[in-house]
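Written below as structure tokens is the structure these notes are about.
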Amino acid sequence: MLSIRLRYIFLVLVVFGLSACSDKTGGGKGFRFVPSSESGITFRNVLKETVEFNIFNYMYFYNGGGVAVGDVNGDGLVDLYFTANQDPDKLYLNQGDLKFKDVTDAAGVAGFNGWTTGVTMADVNNDGRLDIYVGYLGDYLIFKGKNQLFINEGNDENGVPKFTDRAMEYGLDLVGFATQASFFDYDRDGDLDMFMLNHSLHENGTFGTSKNLRFLSHPLAGDKLMRNDDGHFIDVTKGSGILDNAIGYGLGVVVSDINLDGWPDVYVGNDFHENDYLYINQKNGAFAEVLDKSMNHTSRYTMGVDFADFNNDAFPDLAAMDMLPEDPFILKASAAEDAYDLFDFKLRYGYNYQYTRNALQLNNQDGTFSEIALYAGVSNTDWSWSTLFADFDLDGKKDIFISNGILRRSNDLDYINFITTDSIQEGIRYKMDEEHLKLIEKMPKIKLANYLYHNNGDSTFTNKAPEWGLDKISYSHGAAYADLDNDGDLDLVTNNVEDEAFVMENLFRSKEPGSQSSHYLGVKLKGVSGNLYGLGTKVFLYNGGQVQVQECTPVRGYQSAVDTRLIFGTGNDKTIDSVLVVWPNDAFEVLKQVAVDQQLELDQSKSSGKFDYGRFHRAKPIFEETTAALGINFTHRENKFVEFTREALLPHMLSEEGPGAAIGDVNNDGLDDVFVGGGKWQTSRLFVQNKNGKFTNSFQRSFEQDSIQENVDAAFVDVDGDGDKDLIVVTGGNEFTGNSIHRQPKLYTNDGKGNFTSAKGLPEMMITGSSVSVSDFDKDGDADIFIAVRTIPYKYGEEPKNYLLQNDGKGNFTDVTKSAAPILEQFGFIKQSVWADIDNDKDEDLILAAEWKPITILVNTNGKLAPLPLEGSGLEKTNGWWNHIALGDLDKDGDLDLVAGNLGLNSTLKASLTEPVKMYYSDFDNNGSFEQVLTHFTQGKEYPFYTRDEMVKQMPILKKKFLSANKFASATFKDVFDEETLKKAKVFEAFTFESAYIENKGNGKFEVRPLPPVVQFSTVNVMILEDFNHDGHTDVFVAGNFYPINIQMGRYDASYGTLLVGDGKGHFKAMANKDSGACLKGEIRRLEPITLAGRVHYVGFRNNDSVVSFALKK
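Note that numbering that gives the first Met the number 0 gives residue 875 to position 876 of the sequence shown, counting from 1, and the numbers run on in steps of one.
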């Protein structure tokens, strides 16, 4: 096992980040902070560091406490329990009208003198009263505590519930590094079991292979699954599939029926490098951990988590918190993502892709998730703890509340530089005393406001916290929602460090006479013996063709638990078509025409039957996977070449754009054959189809001889007029430079039998190519070609020469670019080219998709290509990072429309007409080499995208100008470089990253419209236009993803392929993947139709992966 141990423990803590990482009130619609003088809640979680116990020896010292809500005395009002890390916990009884009474001592729930963490309420002993379970940090340094189970013994004569710690009796006096417990019936035997989330204190810099550490048990740090056997809990972790290792830095847990099969599943959010865990219930007492099969990447320092259906499709989605700042100063002053080599190191050791930002995982209903936090606008909320989905404004859509803030920021770069000197580290490690303790006070403190994101109904959210009166700054940790005043809306409570707890009254259900309020429907569940509060029950509201669903799972967010009563917002609707309740044993009940503004009390004993969860999964997909039947045994392999080492400021690598592929009949037998280009040092392959519909690998010596080059595009074309298909292959890779012969595109001539020989017909052109397209552009009866150039090695920013090659009819090509298309003499940075008659004048024009360019149409006039004037065309200011263009008459008006694939909107980079993303290209440091500097706008100001370290790595001269991280963090782009320097730079701009439908209006006019939201979740690399559903209208199938990205951006991986159903009028509706049947994982670089034994298969050629295919169902 390889172990990399950083030199000092505190450096470990700060470099990888600790995990985790004016008083306004709302008026009218929104929230009101209820002051403690009114509420009676004076609880505050005050942290006192000592020589014996502090952030230097307990890395979770600042993680705060939790809050649980529930009616513990049975009076119909929700009560509150707060955990304090170093002081007594507190229980407050709700007296009505948002007034609370501290009954901690009378109730007997203060706990013992220990470090408490998470808290939950559940009826553990099945007597109908809520009990309280509290987690402790046990057996670590000065703390020796055990978790406590306070059993509710009933009320005394004053209505105060009495509790007794009976954890030992129930087998729940667990000793460990507790975070939070969640009670649920995992085996569906009718009683409540428990999942115990613990956190590791294993030094997080000691990396070993995940397989060595992940399955190594740890009695204190490991999570536990506790089965309820007749009222006593038994540890059944071993053999259950639950991991109980020392590297599970568990900070968040949520139980949900994630795949809607009626069985509860578990999601665990882990801090630091360890993967999160997604446990799917196998219905046999065990779980399968399937995260790497379901999620392409996750948050990195995962803290609070919540599962709920935010887009009202009945399937639960995930929110997971991290610590990426929104404020540009804090962002640049804080430690950022790992360097590329360390990031790659973790991947090689078995850890998943993780990025330091919140994750919003959209459930695709087929076992996969698409992470869309950047698209949704919820990725950057700073040091975030709890996240809660709930409909706070009662409009029928779940919003997101996020608690925020940490007492001291251990990831501040300047503090890291200060604290990591040898002398200081030695003192902290071996000579800790009061003087060294004072070093903690130099750690920055920044209070922040919490976030409340309003659900816009289109998979995007808007932070309404300031508008709704929630902009009070704090260090808020645990959070819970409940209807504290029984008025039909959800109030909020947070557990704060230093400050008093927040009680936030929801004002959306106005109490003012005559005022208009949104409507609600409350649901109170009455389960049967063993689970009297109905934990795990689902309630569905069906109204106007829409569905809402909530699941009774109290433990959500961070170290906290919400109320078991459910509240649905119904907007302006006063009647609900139907309410469906499905209990944990699958018994169900349907209520019709339900009036709103009431609390329904649903009784499990009145339900019957067995609910059919198959209704959520039944579909008649039009596609089916055919990869095995296709039989093309080829896996594309990239060589290891990290361009960021060579050019640190590239936004993405340019060397991983293969494989190229071409389809054609190479031996004139009427069958489709397949060429697939290899990566560097990988031989390209030719697969020849036989009459039985099988492919065989046809050995080609010429391909073997050229295996060193990287082949990124290809085309079969009869260049010499002999009636067979020859082959043109474009080389890319961006690794070879100068006049290397491995940059020369290749022409292979066919002997008519499918045997190819390297020929000399192409002029010399040493390029990093991207695309080849074929057309008889001069209408002389032979095939001419256009070869697009992606970039110039070391010079991304210098626009390269492209090649328009004229055929003499015998396969000899002449470069006519200068005379026939002079604009292409210096035109970057083309990703794809396609020939089509866009203006209906009977010749083919050239359409280009390129980075930093608008959609570009070169109009063919008698064999001369000139750009369509942009002004007034509708294509002006369409500069983007375009990848692909497909054409077809999509509105049936007789001309060709365009569908254009772009970067997408699920990106750190946001571009608009007024705030474009820019790239400045110049020799900024006057060292003879040019640099690219990417900028973007944040809060109205232009900033360099990169961190100080990235900038200094490329331009060391900047280190002298910005001696501290804080100085760089406060600098806008024009503070980094002076006006004279910037005048010398060439500036590229991108105004849009939306993939789009571009309607051809005729006469050189176009109208650009965005494609549906799901298409914007990732890059669109390829498209096929066809009437897939046979309704007479052309549809569009799109696929994409792109991985070799600057780590600060994170890879684009949310696409699984999408079918857009056309209406024949230029409008498209996305079909859910479970309905289409398509699921294309990975980086799809080419998508081609191939006819195999009379059936059309759509073949996806993936970068660094195998070939996949699907076809219409027979």
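Ideal placement from N, C-alpha and C gives every residue a C-beta, glycine not left out.
Roughly how many whole angstroms lie between the Cα atoms of Asp104 and Ala67?
-> 18 Å
Output the distance between the C-alpha atoms of His201 and Asp1030, rounded to the nearest integer angstrom.
-> 60 Å
How is Gln708 classed by DSSP in three states: helix, strand or coil?
-> Coil, per DSSP.
Look up Val1107 in the DSSP assignment and say whether it is helix, strand or coil.
-> strand
Is any beta-carbon of chain C found at less than 9 Å from that of Asn362?
-> Structure shown: chain C not included; a single protein chain is present.
Determine the burial state of Ile997: buried for a count of at least 16 other Cβ atoms within 10 Å of its Cβ, exposed for fewer.
-> buried
Could you check what DSSP says for Pro1088 in three-state terms: helix, strand or coil?
-> strand
Going by Cα to Cα distance, which pick from Arg128, Arg428, Gly349, Phe30 is closest to Tyr57?
-> Arg428
State the DSSP-derived secondary structure class of His217, mapped to helix, strand or coil.
-> DSSP places His217 in coil when its eight states are reduced to three.
Quick one, are the C-beta atoms of Phe306 and Leu317 less than 9 Å apart?
-> yes
Boundaries (first-last residue) of the alpha helix (DSSP H) holding Lys852 = Unbroken run through Lys852 is the beta strand (DSSP E), 844 to 852; no alpha helix (DSSP H).
At which residue ranges does the region 215 to 291 contain complete beta strand (DSSP E) runs of 3 or more residues, listed in the order of the chain?
-> 223 to 228, 231 to 234, 249 to 255, 264 to 269, 276 to 280, 286 to 288
For Val71, which of helix, strand or coil comes out of DSSP?
-> coil
Helix, strand or coil for Glu646, going by three-state DSSP, please let me know.
-> coil
How many angstroms separate the CA atom of Pro87 from the CA atom of Glu850?
-> 60 Å
What are the start and end residues of each continuous beta strand (DSSP E) run of 3 or more residues lying completely inside the region 329 to 392, in chain order?
-> 358 to 362, 368 to 370, 383 to 389
Should Val77 be labelled buried (16 or more other beta-carbon atoms within 10 Å of its own) or exposed?
-> buried
Range of the contiguous beta strand (DSSP E) that encloses Leu886 | 883 to 887 is the extent of the beta strand (DSSP E) around Leu886.
So is Met167 buried or exposed if we call it buried at 16+ other beta carbons inside 10 Å?
-> The residue is exposed, with fewer than 16 neighbouring Cβ atoms inside 10 Å.
Of the residues Ala627, Lys1080, Arg1094, which one's Cα is nearest the Cα of Asn295?
-> Lys1080
Should the region 386 to 397 be called in touch with the region 44 to 58, which here means at least 3 C-beta pairs below 8 Å?
-> no
Work out the CA separation of Val1095 and Glu1006 for me, nearest whole Å.
-> Cα to Cα, the separation comes out at about 33 Å.
Residues near Val1189 by beta carbon distance below 7 Å, same chain, minus five either side | Residue 1189 falls outside the range modelled here, since the chain spans only 0 to 1113, and no answer is possible.
Given a cut-off of 9 Å, decide if Asn638 and Gln699 are closer than it, judged by their beta-carbon atoms.
-> No. Outside cutoff.
Where does Asp948 sit, in a helix, a strand or coil, going by DSSP?
-> helix
Whole-angstrom distance between Asn806 and Asn901, CA atom to CA atom | 32 Å
Three-state secondary structure (DSSP) at Pro583?
-> coil
Which whole-angstrom value is the C-beta distance of Asn710 and Pro658, which I expect to be below 8 Å?
-> 7 Å
Which value, in whole angstroms, describes the spacing of the CA atoms of Asp264 and Cys551?
-> Using only the alpha carbons, I get a separation of about 13 Å.
Please check the pair Ala319 and Ser293, which I expect to be a contact at CB under 8 Å, by giving their CB distance rounded to whole angstroms.
-> In fact, because the Cβ distance is near 13 Å, the residues do not count as touching under 8 Å.
In terms of residues, what are the limits of the alpha helix (DSSP H) holding Ser36?
-> That run of the alpha helix (DSSP H) goes 35 to 38.
In the DSSP assignment, what are the bridge partners of Met195?
-> Ala180, Lys223
Report back the beta-carbon spacing between Arg789 and Gly731 to the nearest angstrom; my notes put them in contact at under 8 Å.
-> With a Cβ gap of about 6 Å, Arg789 and Gly731 count as contacting.
Are the region 742 to 749 and the region 720 to 730 touching by the rule of at least three beta carbon pairs closer than 8 Å?
-> yes
If you draw a straight line from the C-alpha of Gln931 to the C-alpha of Thr301, how long is it?
-> 33 Å
Alpha carbon to alpha carbon, how far is Leu290 from Asn999? Give it in angstroms, no decimals.
-> 44 Å
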